[in-house]
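J.: Take a look at the following structure, please.
There are 2 protein chains.
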Amino acid sequence: MSIAHHRRKQPERVRQQLLEVAARLSLEQGAAGVTLDAVSQAAGVSKGGLLHHFPNKMALLEGLFDDLTGKLERTIAEEMRKDAVAHGRFTRAYLSCVFALQGEADAQGWQVLTIALLSEPQLRERWRQWVADRADEYVGTDSSAGCLLVRLAADGLWLADILRSHEIDPATRQMMRAQLIDLSQQ
Amino acid sequence: MSIAHHRRKQPERVRQQLLEVAARLSLEQGAAGVTLDAVSQAAGVSKGGLLHHFPNKMALLEGLFDDLTGKLERTIAEEMRKDAVAHGRFTRAYLSCVFALQGEADAQGWQVLTIALLSEPQLRERWRQWVADRADEYVGTDSSAGCLLVRLAADGLWLADILRSHEIDPATRQMMRAQLIDLSQQ
DNA sequence: CTTGACAAACCGTCCAGACGGTATCTTAAT
DNA sequence: ATTAAGATACCGTCTGGACGGTTTGTCAAG
C-alpha cells in the first residue's frame, strides 16, 4: 500500500503527473521505455491506478497528444496576437514555435510525441486532423504555396532537431528564420 | 517442411525477399508489425532462416537502412551528373529524390525506415552519420544557409508525405519545387 | 564429410490489460 | 449535524499472449 492511497486525493494532479512521467520516460529510454509498468511506477501510482485514469495505453498517448497540442495552440494564439500582418500570420506563429522549441523543456515532450506519432497510425491520423483543421481555419491568410513551403521547412528543422542530423549554428539558424519570415510575407 | 527447403538455394534472393517483406509489413501494419515471426512467415522462410541471414532484429533493420541509402546514393549520383551548375548540385539532387519518391514503390521502404529511424537510437545515429558524411563531401558547393534551408524543406515535404498531413495538389508541388531550386542557386 | 542454408520446436522475458478488492470523497435524506 | 449510500480513486495480483533469440535437427551441394 503506497502513500498515494492515503494522501489527499488530487486526481487531476495524478493525471498530469502520469503524462509528465510518460513524456520523460520516452525521452530517456526511447519509445520502448513507455510501458504501463514503468510509467505507473515512476509516477508513484499502481498500474491499476494508471489504468483508472487512462483505460488503455493508447488513451495515455492520446492524452499526451492532446496535452501538447493544447499547449501548441495556446502558444500559437499568443504569437499571432503580436503579429500585425494578416497574410501568413499563422505560418509565422508556427515557425516561432518550432524555433522556440529548441532546447526547451517542452521540446522533450514533443520529441516523444513525434516518435509515437509516426509509429502509431491512430496518432498519425490525429495529427493529420489537427493540420487539416488549422488549414481550414486559416485558409484566408496562410494557404499560399509560399506559406506552405515555410511550414514544411519548419517541420524539416523540427525533424533535424529531433534526429540531431544537422548541426546548425545559431547564426545560420537566425538567417534561415529571417528568410522564412520573408517568404511568408510575399 | 516447406518448399524453400527443396528448391534451388538462392541465399541472396532470400535475403532480398526478407528486406522487401520487412519494408512492406511496416507500411501495412506500422513499425509494430515488423516482428521476426511476421517477416519470416510472410517471406516464406522459417524464423531460423531469417536469423541465419540477419543474426538479430537490429541487423535486419540495418540491412534495410543500408539497402535504401545505397539506392538513394546511386539516384543522387545519377541526378548530379545531369546538373551542370556546381553550386547547390547535391541539394537539388536530394530535392529531386524526395519529389520523385512520392507514389513510388520505394517510397514505402523509406517510410518504414523513417519510422524505425526515429524509434531506434542506433538507426538515428546511422542517419546522422550519413548526413554528416554528405555535408563533408559537398562542403564546397552545398553548405550555404540557402541550401540547408532547401534540404530542410525537402525533409518537411518528405515527412508530410509520410504522415499524409498536408494535401498538396500537383500544381502547388511543382511551384514549390521551382522555388526551392531557385533558392538552391542563389 | 564438411559446410552453408535452412526448418521447427522451444525458452525466458516482458507487457497490456483484467479483475477483485479497499480507501476516500460526495451527496442527500434525515 | 449525521450518516447511509453510492461514486470515485486508487491498490496488488494474475494471465494470456507476443516476441526476440537459442538450440537442435535436416538436407543438399561441393
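These protein sequence lines map, in sequence, to chains A and B. All letters in the first sequence, in the order written, are residues 70 to 255 by my numbering. All letters in the second sequence, in the order written, are residues 70 to 255 by my numbering. Cβ atoms here follow ideal geometry from the backbone N, Cα and C, with glycine treated the same way.
1. Along the region 173-184 of chain A, what residues have a CB closer than 8 Å to any CB found in chain B?
2. Establish whether the CB of isoleucine 145 of chain A and some CB of chain B are separated by less than 9 Å.
3. Return the first residue and the last residue of the alpha helix (DSSP H) that serine 234 of chain B is part of.
4. Does the beta-carbon of aspartate 211 of chain A have 16 or more other beta-carbons within 10 angstroms, so that it is buried, or is it exposed?
5. If we cut at 9 Å on Cβ distances, does serine 165 of chain B have a partner in chain A?
6. Could you give the first and the last residue of the continuous alpha helix (DSSP H) run that contains lysine 140 of chain B?
7. Please state whether the Cβ-Cβ distance between leucine 182 of chain A and leucine 119 of chain A is less than 9 Å.
8. Check whether the Cβ of alanine 107 of chain B lies closer than 9 Å to any Cβ atom in chain A.
9. Is there a Cβ of chain B sitting closer than 9 Å to that of glutamine 254 of chain A, yes or no?
10. For my contact list, alanine 214 of chain A and methionine 244 of chain B are in at a C-beta cut-off of 8 Å; report their separation, rounded to the angstrom.
11. In this structure, how does DSSP classify valine 103 of chain A when only helix, strand and coil are distinguished?
12. Please confirm whether alanine 162 of chain A has its beta-carbon closer than 9 Å to some beta-carbon of chain B.
13. Using a threshold of 9 Å, state whether the C-beta atoms of leucine 228 of chain B and glycine 157 of chain A are closer than that.
14. Using a C-beta to C-beta distance shorter than 8 Å, which residues of chain B count as neighbours of leucine 218 of chain A?
15. Work out the CA separation of leucine 141 of chain A and alanine 223 of chain A for me, nearest whole Å.
T.: According to the structure data:
1. Thr183, Ile184
2. no
3. Serine 234 of chain B -> no alpha helix (DSSP H), and no H or E assigned at all.
4. buried
5. no
6. Here the alpha helix (DSSP H) through lysine 140 of chain B covers 126-150.
7. no
8. no
9. no
10. 5 Å
11. Looking at valine 103 of chain A - three-state DSSP - the assignment turns out to be coil, as it is neither helix nor strand.
12. no
13. no
14. Ala222, Met245, Gln248, Leu249
15. 14 Å
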